[in-house]
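Position one of the sequence shown corresponds to residue 12 (our numbering), numbered consecutively onward. Below is one structure, written out as structure tokens; the observations come after it.
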Amino acid sequence: MPRYIPPPKRNEKIWFELLPQTRAERRHGRHVYMFRNIQTNQMLYTHYPRIQQKTLQQLPFIGKHSVPPSVRSDLWTAHCRVGPFETAEQGRDALKKLSEFRTLHQLCWNETNPEWRKEPKKTLIRKIMDMRHNAAADLAQVLTMQREMGSDMIKRWEERAQAQDAYLAKYWAKVEATVQTAGPKISEIERQIRELETEQANQSDQSSEINDLTKRIRQLKAEIRRIQGCKRHLKSRDRREAQLEESYRDALVRYEEEMATYEKQAKGDPEAKAKLAALKVPEKEGLDEREYLRAMLNYERLKAKYEEAAKPDPMAEARAALLKVPEKGLNEIYFRPLPMPLKHLPSPFTVTNLKVSWADLRDAQYAEQWPDSVKHENFPEMKVLTVAELKKELENEKKEIVEHPDVIVEKAVLEKRDAMLTKGGLLMKPRPKKQIEAAPPGPKTKPKSKKQKKDDGLMLTV
12 MPRYIPPPKR NEKIWFELLP QTRAERRHGR HVYMFRNIQT NQMLYTHYPR IQQKTLQQLP
72 FIGKHSVPPS VRSDLWTAHC RVGPFETAEQ GRDALKKLSE FRTLHQLCWN ETNPEWRKEP
132 KKTLIRKIMD MRHNAAADLA QVLTMQREMG SDMIKRWEER AQAQDAYLAK YWAKVEATVQ
192 TAGPKISEIE RQIRELETEQ ANQSDQSSEI NDLTKRIRQL KAEIRRIQGC KRHLKSRDRR
252 EAQLEESYRD ALVRYEEEMA TYEKQAKGDP EAKAKLAALK VPEKEGLDER EYLRAMLNYE
312 RLKAKYEEAA KPDPMAEARA ALLKVPEKGL NEIYFRPLPM PLKHLPSPFT VTNLKVSWAD
372 LRDAQYAEQW PDSVKHENFP EMKVLTVAEL KKELENEKKE IVEHPDVIVE KAVLEKRDAM
432 LTKGGLLMKP RPKKQIEAAP PGPKTKPKSK KQKKDDGLML TV
């Protein structure tokens, strides 16, 4: 599965307004898209803002014409978009549950609607294929289940975090104790190794005793390597901790400097105001024409500079609000000894601030109850764009930006957009036209007959 939503290729159709706003939200799995067949009300669930041919494999064969052979953009329309989920794992879990509920509806129709047994086969197939009402109810149930799962996952997360802390505290205490007693212990082990090697050299043909001594020597050398490894591990942990502490202090200093700068800009620089008040117009007496002109130019330059610095910046407070307080990074070496079951903490599911964008907001009424924190909205009128139409839209947008007098556009942004379009095959560079020189007028010739053309062809093929 690709990690990000790929750009449209060739003649694939894409619902342009369904694309999320930011690249971080386009991670595979953070959105679930529902598409509906306008004739049969069949539903397709996917993580992509378009229907691919393999997406039709979700539809089971329950009768004639129940599975379309190919994707027709005039029959499939966008039904709703759910997301962004907190994590991609939650989005994939939602898609899995929606698919399971749909399969359950298709298999257990005789229990939920026993009156359908009396219907003709053709009518029964049409009713089983109709999933428009069930899709909204299933989605509400899935989000309710994930909300309940989130509270349980938070408890498990807290228990796992406590187990992590206990394991790491015990492990590093053991490493530190080993390092503290390493000096006398290593010297004692080395003395034992020398004695055993001397005893091994004095043995004659007693192979069993020699093997025992060799095994003991090997164990003692392994103990020395273990102690030396603990030393290196502890040293690397402390070195990484010092690096993180230094980078945190530097980030904190930069943050305070930027905040002070923005505060000055919001109020106007007092030093610039004082310098502006102390600035005096140069007098012409005692100066020749060139010196006076140079002094006036310098005065005007300083005056403009101080006035600009003393002027309050209305956007400074907004920039200061966007600054984030730096946080100290995690020491990955400290967490490295964790066993695999404790290494990764699961992210709890949540439906807070989750949005469900509907093509028709009335479809949300088919569910009996929705979680309170879920927000419903209408997305704009859908446009099905081909590659040529998408290229035209992007070119028109670029043209409007360039021609607008109040907007300043950097040249690099436009060049980057052109490069992306050219790389994706959406924008082809025009080929230079060849200059064809006109042939000099010659004598008029009669057109060749069919027999002459046939003879020419035979001569060419020989």
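Quick reminder that beta carbons are idealized off the backbone N, C-alpha and C, glycines included. Fair warning: this is a prediction, and the values are worked out from it, not measured in the lab.
Can you tell me whether residue i is buried or exposed? The criterion is at least 16 other CB atoms within 10 Å of its CB, across all chains shown.
i      : result
GLN50  : exposed
GLU318 : exposed
SER384 : exposed
ARG243 : exposed
VAL43  : buried
CYS91  : buried
ALA449 : Any answer about ALA449 is weak, because its pLDDT of 47 lies below 50 and its placement is not dependable; what the coordinates show is given next. So ALA449 ends up on the exposed side.
SER162 : exposed
ASN48  : buried
VAL362 : buried
MET54  : buried
PRO3   : Only positions 12 to 473 of the chain appear in this structure, which leaves residue 3 out of reach.
HIS387 : exposed
HIS355 : exposed
ILE62  : buried
GLN101 : buried
GLN276 : buried
PRO60  : buried
VAL267 : Per the sequence shown, residue 267 should be read as Glu rather than Val. GLU267 comes out exposed.
GLY240 : exposed
MET142 : buried
VAL292 : exposed
LYS226 : exposed
VAL367 : buried
LEU341 : exposed
TRP369 : buried
LEU106 : buried
ALA315 : exposed
VAL93  : buried
TRP87  : buried
LEU118 : exposed
What does residue i pair with, by DSSP beta-bridge criteria?
i     : result
ASN48 : TRP87
ARG92 : TYR44 and SER368
Quick check on DSSP: helix, strand or coil for residue i?
i      : result
MET164 : helix
VAL186 : helix
MET326 : coil
ASN407 : helix
THR192 : coil
ASN145 : helix
TYR56  : strand
HIS387 : strand
HIS76  : coil
ASN121 : helix
THR98  : coil
LEU179 : helix
LEU438 : Caution is warranted here: a pLDDT of 40 is assigned to LEU438, below 50, making its placement in the model unreliable, and no coordinate value can be reported.
VAL474 : There is no way to answer for residue 474, as the model of the chain reaches only from 12 to 473.
SER358 : coil
GLN380 : coil
ILE62  : coil
PRO71  : coil
LEU353 : helix
THR397 : coil
LEU471 : Interpretation of LEU471 is limited by its pLDDT of 33, a score under 50 that renders its predicted location unreliable; no figure is taken from the coordinates.
ARG347 : coil
HIS39  : coil
THR209 : helix
LYS133 : helix
THR363 : coil
LEU341 : coil
LYS402 : helix
LEU154 : helix
LEU334 : coil
Quick one: is the Cβ of residue i within less than 7 Å of any heavy atom of the ligand GTP?
i     : result
GLY74 : What this structure holds is no ligand at all, so the ligand GTP is not there to describe.
Any C-beta of chain D sitting closer than 8 Å to the C-beta of residue i?
i     : result
ILE62 : The question asks about chain D, but that chain is absent: this structure has only one protein chain.
Starting from the N-terminal side, write out each stretch of the alpha helix (DSSP H) that is 4 residues or longer and does not extend beyond the segment 223 to 308. 281 to 289
Touch test, the segment 108 to 116 against the segment 168 to 180, Cβ-Cβ under 8 Å, three pairs minimum: no
Below 8 Å, can you find three or more Cβ-Cβ pairs linking the segment 127 to 141 to the segment 326 to 339? no
Segment contact flag, the segment 306 to 320 with the segment 280 to 296, C-beta cutoff 8 Å, min 3 pairs: With three or more CB-CB distances shorter than 8 Å, the segment 306 to 320 counts as touching the segment 280 to 296.
Under 8 Å, with one C-beta from each stretch per pair, do the segment 143 to 151 and the segment 359 to 379 reach the 3-pair mark? yes
Can at least three beta-carbon pairs, one atom from the segment 340 to 348 and one from the segment 235 to 255, be found at a separation below 8 Å? yes
Is it true that the segment 55 to 70 meets the segment 81 to 96, where meeting means three or more beta-carbon pairs spaced less than 8 Å apart? yes
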